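Participant: Residue numbers (our numbering): 1 to 493. This is the structure, below, for whatever I ask next.
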Amino acid sequence: MRLRRRLALLFVVTPSVMIAVAFVVTWQAFRHAQERQLDHALLARAHHRAQLVARDGEQALAQETLPEAPATDLDELVQYSAIYRVDGSVVAATENLGIPPPSLQLLGFLKSANAAIPREQAGLEFSIRGNVLRGVLVHVDLDRGPGQRLLLLAASRSDIDTDTWYLVRLMAAVWVGATACALVIGWWLGGYLSRSIEVISATARRVGQGHLSERVPNTKDMAESEIRSLAEDLNDMIDQLSRLLDLSRRFVSHAAHELRSPLAALRGELELALHRPRSLEEYRAAIREALGDTERLISLAEDLLTLARLESATRRCEGSSFPLQAAFDDALRDSAAAHSSTVRIDASFLDLQIVGHRADIRRLLRNLLDNAVRHSPQDGVITVRATRRSPVPDVKAAPAQEVVLTVEDQGPGVPSELREKIFEPFFRGEKEREDSGAGLGLCIAREIVRAHGGTLTCEAGPHGGARFVVTLRGNESFAQRRTRANGEDERGN
Ligand SMILES: Nc1ncnc2c1ncn2[C@@H]1O[C@H](COP(=O)(O)OP(=O)(O)OP(=O)(O)O)[C@@H](O)[C@H]1O
Ligand SMILES: [Mg+2]
Numbered sequence: 001m002r003l004r005r006r007l008a009l010l011f012v013v014t015p016s017v018m019i020a021v022a023f024v025v026t027w028q029a030f031r032h033a034q035e036r037q038l039d040h041a042l043l044a045r046a047h048h049r050a051q052l053v054a055r056d057g058e059q060a061l062a063q064e065t066l067p068e069a070p071a072t073d074l075d076e077l078v079q080y081s082a083i084y085r086v087d088g089s090v091v092a093a094t095e096n097l098g099i100p101p102p103s104l105q106l107l108g109f110l111k112s113a114n115a116a117i118p119r120e121q122a123g124l125e126f127s128i129r130g131n132v133l134r135g136v137l138v139h140v141d142l143d144r145g146p147g148q149r150l151l152l153l154a155a156s157r158s159d160i161d162t163d164t165w166y167l168v169r170l171m172a173a174v175w176v177g178a179t180a181c182a183l184v185i186g187w188w189l190g191g192y193l194s195r196s197i198e199v200i201s202a203t204a205r206r207v208g209q210g211h212l213s214e215r216v217p218n219t220k221d222m223a224e225s226e227i228r229s230l231a232e233d234l235n236d237m238i239d240q241l242s243r244l245l246d247l248s249r250r251f252v253s254h255a256a257h258e259l260r261s262p263l264a265a266l267r268g269e270l271e272l273a274l275h276r277p278r279s280l281e282e283y284r285a286a287i288r289e290a291l292g293d294t295e296r297l298i299s300l301a302e303d304l305l306t307l308a309r310l311e312s313a314t315r316r317c318e319g320s321s322f323p324l325q326a327a328f329d330d331a332l333r334d335s336a337a338a339h340s341s342t343v344r345i346d347a348s349f350l351d352l353q354i355v356g357h358r359a360d361i362r363r364l365l366r367n368l369l370d371n372a373v374r375h376s377p378q379d380g381v382i383t384v385r386a387t388r389r390s391p392v393p394d395v396k397a398a399p400a401q402e403v404v405l406t407v408e409d410q411g412p413g414v415p416s417e418l419r420e421k422i423f424e425p426f427f428r429g430e431k432e433r434e435d436s437g438a439g440l441g442l443c444i445a446r447e448i449v450r451a452h453g454g455t456l457t458c459e460a461g462p463h464g465g466a467r468f469v470v471t472l473r474g475n476e477s478f479a480q481r482r483t484r485a486n487g488e489d490e491r492g493n
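In structure tokens, the structure reads:
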């Protein structure tokens, strides 16, 4: 069933059932209240008559008007009364009944002649000549004469039934009206809500078929805030999806381009080598060139694999704790700084421990050092510093700490508008386009830091060079742990 029909049905069925139940309860309560009211009035009047009969004898019943009786709603009703013997036979009755009144056995109020009869009974219903009556039965203790008698006082219940049926008809009319209104409102509301949802689902379907330019239209005009935010979330999701898809397309095209250049160079060198017979030395030179290109290809393939591995790591990597100094020494050995005689490295670390993967941190440091060396001037100094920062500023001895590492050079620096862009894959500055780098170094560095739950940013150094700031999760060194434990012991004492 379509959403509109379902909503309309829900909107009709729920309130109409609730209203119907409420009306049935009201109808029954009203009927019982009316009957109780009649029973009370009949009982009061019956006791009064019983006193008159006890005082004046059974002929008192012949009187139609009883001036000293308490005034009740009953006065408006025709009343019928009859005096019975205790065995159920009739003694006397008012004439307005039209026929001699039946015995109590016939009326069903007395099972047998000897059966015990309660002092008063109310709510007795019987029918005479199609007229339904409701009455009460009370004992009469005659002052003199034959002793015990029973007085039956009854009134027609037509008034109660008329009032009750009037109420039922009124409630039924209200119910029909309310149900019709609910149906109209439900149908309109169902159409209104389902229209927005259908637009959203049609958009989702089109996007699923590959039309990433589709968006849910006119989200601002959607009145329901939940549906509006659903539509806006869907639009945001499609934006994000198409952005990611665009990035991945650009990445693939860049990667193909980067792979093609060394492959084309390799083919050219091999073709040239085979073009004519060459000396052994010339063949060696050609093979060396080809080897250089092959190494570029391998390093590019490794970079791409590293990036893919880091990007697919959805969880923060845990790793183990190791000294930052050791990872730095390894990185220094691998980096261009090890072979450069034109730059000087000024590194100073505290006794710092890092939590993570040592090989990745080594790769991060190597990439930053390589860049710093590449952009440093002749005899430039590369300054590497690492400090500890407590995530809770006032608790210096907190066990979980952040390590802030900075790598700063004296090169030209990175223009402020490029400080985020340089972390994009395959981005290279104007000057570096002709270099052998692929533009993946900083992208890999940032992914490593991200996988370790830290941050990597670029800023301007105080002397105009580039400063790369890395934050990583630290850990206590043995010496720190001992100092902290001693401090706690002293406080404990
Ligand atoms: N220390 C630095 N000073 C100035 N510019 C820098 C510095 N480090 C990086 N850059 C700029 O950022 C760009 C991207 O750096 P990245 O390390 O990602 O690539 P690359 O060094 O060109 O190549 P690869 O690292 O893949 O060999 C560089 O081309 C350069 O323009
Ligand atoms: Mg680099």
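Where a beta carbon is used, it is the ideal one built from N, C-alpha and C, also for glycine. The structure presented is a predicted model; accordingly, all values stated were derived computationally and were not measured.
(1) Considering only C-alpha positions, which residue in the set Y166, A44, S16 is nearest to R31?
(2) Could you check if D303 belongs to the surroundings of ligand 2, using beta carbon to heavy atom distance under 7 Å?
(3) Report yes if the C-beta of N218 is less than 7 Å from at least one heavy atom of ligand 2; otherwise report no.
(4) Quick check: what's the CA-CA separation for L472 versus R215?
(5) Please classify H257 as buried or exposed, where buried requires at least 16 other C-beta atoms within 10 Å of its C-beta.
(6) Rounded to whole angstroms, how far is the Cβ of R388 from the Cβ of Q401, which I believe are closer than 8 Å?
(7) Following the continuous alpha helix (DSSP H) through I287, name the residue where it begins and the one where it ends.
(8) Taking the alpha-carbon positions, what's the I354 to G461 distance?
(9) How about G437: is its Cβ closer than 7 Å to a heavy atom in ligand 2?
(10) Alpha carbon to alpha carbon, how far is R249 from T203? Give it in angstroms, no decimals.
(11) Using the three-state DSSP reduction, which class does P15 fall into: helix, strand or coil?
(12) Tell me which same chain residues have a C-beta within less than 6 Å of the C-beta of E68, skipping the five on either side of it?
(13) Does DSSP put T219 in a helix, a strand or coil?
(14) How about M504 and F23: are their beta carbons less than 8 Å apart?
(15) At what residues does the beta strand (DSSP E) containing A386 begin and finish?
(16) Comparing alpha-carbon positions, which option in G147, L405, S127 lies nearest A154?
(17) Taking 7 Å as the line, does the beta carbon of F427 fall inside it for any heavy atom of ligand 1?
(18) Give the range of the beta strand (DSSP E) segment to which Q121 is assigned.
(19) Candidates V343, A20, A265, V199: which alpha carbon is nearest S376's?
(20) Taking buried to mean at least 16 other C-beta atoms within 10 Å of its own C-beta, is S335 buried or exposed?
(21) Using beta carbons (cut-off 8 Å, strictly below), is N114 in contact with chain B?
(22) Among the candidates R278, L300, V449, S340, whose CA atom is the shortest distance from the CA of I361?
(23) Starting from T455, trace the beta strand (DSSP E) in both directions and tell me its first and last residue.
(24) From what residue to what residue does the beta strand (DSSP E) around N131 run?
(25) Could you give the C-beta distance for I298 and R363, rounded to a whole number, given that I count them as a contact under 8 Å?
(26) Here's the rule I'm using: 16 or more other beta-carbon atoms within 10 Å means buried, otherwise exposed. How should Y84 be labelled?
(27) Run through DSSP, which three-state label would D346 get?
(28) May I ask you to report which of helix, strand or coil DSSP gives Q378?
(29) Roughly how many angstroms lie between the CA atoms of D39 and G57, to the nearest whole one?
(30) For ligand 2, is there any heavy atom lying closer than 7 Å to the beta carbon of V210?
(31) Between P277, H139, L270, which has its C-alpha nearest E289's C-alpha?
(32) For I99, which of helix, strand or coil comes out of DSSP?
(33) For G464, does the count of other Cβ atoms within 10 angstroms reach 16, so buried, or fall short, so exposed?
(34) Check the DSSP bridge columns for V174 and list the partner residues they point to.
(35) Roughly how many angstroms lie between the CA atoms of P277 and A285, to the nearest whole one?
(36) So, at 6 Å on beta carbons, what are the nonlocal neighbours of S496 in its own chain, with the 5 sequence-adjacent residues on each side left out?
Facilitator: To lay it out plainly:
(1) By one-based count along the sequence shown, residue 31 stands at place 31. Looking from the CA of R31, the closest CA among Y166, A44, S16 belongs to Y166.
(2) Here the question's residue 303 lines up with position 303 in the sequence shown. No, ligand 2 has no heavy atom inside 7 Å of this Cβ.
(3) Within the sequence shown, the letter at position 218 stands for residue 218. Not under cutoff, so the answer is no.
(4) On the sequence shown, residue 472 is found 472 positions in, with the first residue counted as 1. On the sequence shown, residue 215 is found 215 positions in, with the first residue counted as 1. Their Cα atoms are separated by approximately 40 Å.
(5) Mapped onto the sequence shown, residue 257 falls at position 257. Classification of H257: exposed, given that the 10 Å Cβ count is below 16.
(6) Taking the first residue of the sequence shown as 1, we reach residue 388 at position 388. Taking the first residue of the sequence shown as 1, we reach residue 401 at position 401. Indeed they touch by this definition, with Cβ atoms about 5 Å apart.
(7) In the sequence shown, the residue the question calls residue 287 occupies position 287. Note, I287: alpha helix (DSSP H), 280-312.
(8) The sequence position of residue 354 within the sequence shown is 354, counting from 1. The sequence position of residue 461 within the sequence shown is 461, counting from 1. In a straight line, the C-alpha of I354 is about 24 Å away from that of G461.
(9) Locating residue 437 in the sequence shown gives position 437, counting from the first residue. For ligand 2, at least one heavy atom lies less than 7 Å from the Cβ of G437.
(10) Counted from its first residue, the sequence shown places residue 203 at position 203. Counted from its first residue, the sequence shown places residue 249 at position 249. Roughly 23 Å between the two C-alpha positions.
(11) For the purposes of this step, residue 15 is taken as residue 15 along the sequence shown, with counting starting at 1. Helix, per DSSP.
(12) Within the sequence shown, the letter at position 68 stands for residue 68. Unreliable placement is indicated for E68, whose pLDDT of 47 sits below 50; no coordinate value is reported for it.
(13) For this step, residue 219 is matched to residue 219 along the sequence shown. Helix, per DSSP.
(14) Nothing about residue 504 can be reported from this structure: the residues present for the chain run from 1 to 493 only.
(15) Numbered from 1 along the sequence shown, position 386 holds the residue referred to as residue 386. Its beta strand (DSSP E) spans residues 381-389.
(16) On the sequence shown, residue 154 is found 154 positions in, with the first residue counted as 1. It is S127.
(17) Here residue 427 is taken as the residue at index 427 of the sequence shown, counted from 1. Answer for F427: yes, Cβ within range of ligand 1.
(18) Counted from its first residue, the sequence shown places residue 121 at position 121. Start and end: 120-128.
(19) Along the sequence shown, one-based indexing puts residue 376 at 376. It is V343.
(20) Along the sequence shown, read from residue 1 onward, the residue named residue 335 stands at position 335. Its Cβ being crowded by 16 or more others within 10 Å, S335 is buried.
(21) Within the model displayed, chain B is absent; a lone protein chain is all it includes.
(22) Position 361 of the sequence shown, counted from the start, is the residue given in the question as residue 361. Nearest option by C-alpha distance: V449.
(23) For this step, residue 455 is matched to residue 455 along the sequence shown. Looking at the DSSP string, the run of the beta strand (DSSP E) that includes T455 is 455-460.
(24) As a first step, residue 131 must be located in the sequence shown, where it is residue number 131. Its beta strand (DSSP E) spans residues 131-141.
(25) Position 298 of the sequence shown, counting from 1, holds the residue named residue 298. Position 363 of the sequence shown, counting from 1, holds the residue named residue 363. Actually they are not in contact, since the Cβ atoms of I298 and R363 sit about 15 Å apart, beyond 8 Å.
(26) Working through the sequence shown from its first residue, we reach residue 84 at position 84. Buried.
(27) As a first step, residue 346 is located in the sequence shown; it is residue number 346 there, counting from the start. D346: strand per DSSP, three-state reduction.
(28) One-based indexing of the sequence shown puts residue 378 at position 378. Looking at Q378 - three-state DSSP - the assignment turns out to be coil, as it is neither helix nor strand.
(29) Here residue 39 corresponds to residue number 39 of the sequence shown, with the count starting at 1. Here residue 57 corresponds to residue number 57 of the sequence shown, with the count starting at 1. Their backbone Cα atoms lie some 25 Å apart in a straight line.
(30) Looking up residue 210 in the sequence shown gives position 210. Note on identity: in this sequence residue 210 is Gly, with Val being the wrong assignment. G210 Cβ: outside cutoff for every heavy atom of ligand 2.
(31) The residue labelled residue 289 in the question sits at position 289 within the sequence shown. Among P277, H139, L270, the Cα nearest to that of E289 is on L270.
(32) For the purposes of this step, residue 99 is taken as the residue at position 99 of the sequence shown. Of the three classes helix, strand and coil, the one that applies to I99 here is coil, per DSSP.
(33) Along the sequence shown, one-based indexing puts residue 464 at 464. The residue in question, G464, is exposed, as its Cβ has fewer than 16 Cβ neighbours within 10 Å.
(34) Within the sequence shown, residue 174 is the residue found at index 174, counting from 1. V174 is not bridged to any residue.
(35) Mapped onto the sequence shown, residue 277 falls at position 277. Mapped onto the sequence shown, residue 285 falls at position 285. Approximately 14 Å between the Cα atoms of the pair.
(36) Because the chain spans 1 through 493 in this model, residue 496 falls outside it and cannot be assessed.
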